[in-house]
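So the mapping is simple: this note's numbering equals the position in the sequence shown, first residue as 1, plus 1466.
Note that the Cβ used here is the ideal one computed from N, Cα and C, for glycine as well.
Everything numeric in this text was worked out from a predicted model, so none of it was measured.
Everything below concerns the one structure shown next.
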Amino acid sequence: QALLSALPGVIETTCGYSGGKNTHSITYELVSQEQTGHAEAVMIRFNPQKLSYTQLVQCFFKIHCPTTPNSQGNDIGTRYRSCIFYAHTQQHAEAQAVIQEAKDKQYFKEVGAIRVAGTTMPPPTAIVYGIGIWVGFFK
1467 QALLSALPGV IETTCGYSGG KNTHSITYEL VSQEQTGHAE AVMIRFNPQK
1517 LSYTQLVQCF FKIHCPTTPN SQGNDIGTRY RSCIFYAHTQ QHAEAQAVIQ
1567 EAKDKQYFKE VGAIRVAGTT MPPPTAIVYG IGIWVGFFK
């Protein structure tokens, strides 16, 4: 969240959960017990005149390793899976193009792991805001 919020053109970032079921009674405990199917997520509101969605996805791949399924660093579990959530079909197409470019140019050693199955792009879903102590953790 902190790195994304520092990008020129980003207006606001909010952390939460997305991509799961039962968005009405989500808690940190339920998500961390992997009972909901949610992934930790950052909602990014940005000015497309200053920052394109393609640039945003490219930045995502600079700060997030998509080659390890269901983990990021020392954090392990499905809630840490690589996900790109999008608002409409144009953003979906742009994200797919960035993923394809990463594959073609072999940006990652484990190119086989960077695929739609590894970096999932589920249909747009609501984000459940606020994950307790982690909101603004690096600020």
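- Note: F1512 is bridge-paired with V1476 in the DSSP secondary-structure output.
- For Y1552, the three-state secondary structure derived from DSSP is coil.
- By the Cβ rule, the segment 1507 to 1516 counts as touching the segment 1469 to 1483, because three or more pairs are nearer than 8 Å.
- For C1531, no alpha helix (DSSP H) segment is defined, and its DSSP state is neither H nor E.
- Counting C-beta pairs with one atom in each stretch, the segment 1563 to 1572 and the segment 1514 to 1531 have three or more that are closer than 8 Å, which means they touch.
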